[in-house]
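For the record, in the sequence shown the residue sitting at position 129 is 129 according to full-length UniProt numbering, with numbers rising by one throughout. Heads up, the beta-carbon is just placed ideally off N, CA and C, and yes, glycines get one too. Remember, it's a predicted structure, so these values are computed and weren't measured experimentally.
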Amino acid sequence: MTNENNNCISAMLHMQTGAPEAASHARHGQIAEQPLSGLDEASARTLRCLAKDGEGLVTALEARLDSLQEAFMDMLNTQLEERHLRPEDRLHVYVSPEGTLVVEGNDNDANLLCDIITRKPDLQKSFKQMAQVAMLSHGVELATQIHNDIIDQVEDANPLLGHYHMCLKGPLSHFYIR
Numbered sequence: 001m002t003n004e005n006n007n008c009i010s011a012m013l014h015m016q017t018g019a020p021e022a023a024s025h026a027r028h029g030q031i032a033e034q035p036l037s038g039l040d041e042a043s044a045r046t047l048r049c050l051a052k053d054g055e056g057l058v059t060a061l062e063a064r065l066d067s068l069q070e071a072f073m074d075m076l077n078t079q080l081e082e083r084h085l086r087p088e089d090r091l092h093v094y095v096s097p098e099g100t101l102v103v104e105g106n107d108n109d110a111n112l113l114c115d116i117i118t119r120k121p122d123l124q125k126s127f128k129q130m131a132q133v134a135m136l137s138h139g140v141e142l143a144t145q146i147h148n149d150i151i152d153q154v155e156d157a158n159p160l161l162g163h164y165h166m167c168l169k170g171p172l173s174h175f176y177i178r
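This is the structure we're talking about:
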């Protein structure tokens, strides 16, 4: 990278953050430090607990998820049997960004399952609870893994880091996780 490119990037980042030039230079020195060194003691303590207990928490959350999934399938199978339905094709069920349950697949089977779920609010509630526990477990697992990589000073070969992106576009520059 040329010095001119580096200056352009610095100017764009300055434009994005609105930080004064002196603060920008102070931030450049932090790159060589440990990524978590600026955290307050309470946050650092929480992360140490996560490193110590995170795997156990994930195991407990996964066990809870298994029991929720079993109960959900029992409720769903009961409803399918009562209506003498046997979906033939694969159906995909998920919670939309708006919070509604979506069923995708063969039109006939999807419509039948959608009707069952609509008539049984407990199925909707149960599915959303499973989604919450699954996301919590996934988040704790990711946090534990990344934190342990930081502690062990692992800098390469973690595909999770590929989810972190930067869009460099002048004052609209931003960072995001995808």
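Beta-carbon contacts of residue 106 that lie in its chain and below 6 Å, excluding the five residues immediately before and after: 89
C-alpha gap between residue 70 and residue 172, whole angstroms: 47 Å
Residue 140 and residue 68 closer than 8 Å at C-beta: no
Through-space distance from residue 56 to residue 167, alpha-carbon basis: 36 Å
Enclosing alpha helix (DSSP H) for residue 172 [first to last residue]: No alpha helix (DSSP H) holds residue 172; DSSP gives it neither H nor E.
For residue 85, the three-state DSSP class (helix, strand or coil): coil
7 Å CB neighbourhood of residue 158 in its chain, flanking five on each side removed: 149
Extent of the continuous beta strand (DSSP E) to which residue 139 belongs: Unbroken run through residue 139 is the alpha helix (DSSP H), 121 to 151; no beta strand (DSSP E).
Ordered list of beta strand (DSSP E) runs contained in the region 45 to 101, each at least 3 residues: 91 to 95
Residue nearest to residue 130 in terms of C-alpha spacing, selected from 53, 169, 63 and 160: 63
Residue 76 versus residue 61: straight-line alpha-carbon distance, rounded: 22 Å
Contact under 8 Å by Cβ, residue 124 with residue 116: no
Contact under 8 Å by Cβ, residue 120 with residue 95: no
Secondary structure of residue 104, DSSP reduced to three states: strand
Counterpart residues of residue 165 in DSSP-defined beta bridges: 176
Whether residue 54 touches residue 110 by CB criterion (8 Å): no
Beta-carbon separation (whole angstroms), residue 165 vs residue 50, contact threshold 8 Å: With a Cβ gap of about 25 Å, residue 165 and residue 50 do not count as contacting.
Cα-Cα separation, residue 190 to residue 73: Absent from the model: residue 190. The displayed extent of the chain is 1 to 178, so no value can be given.
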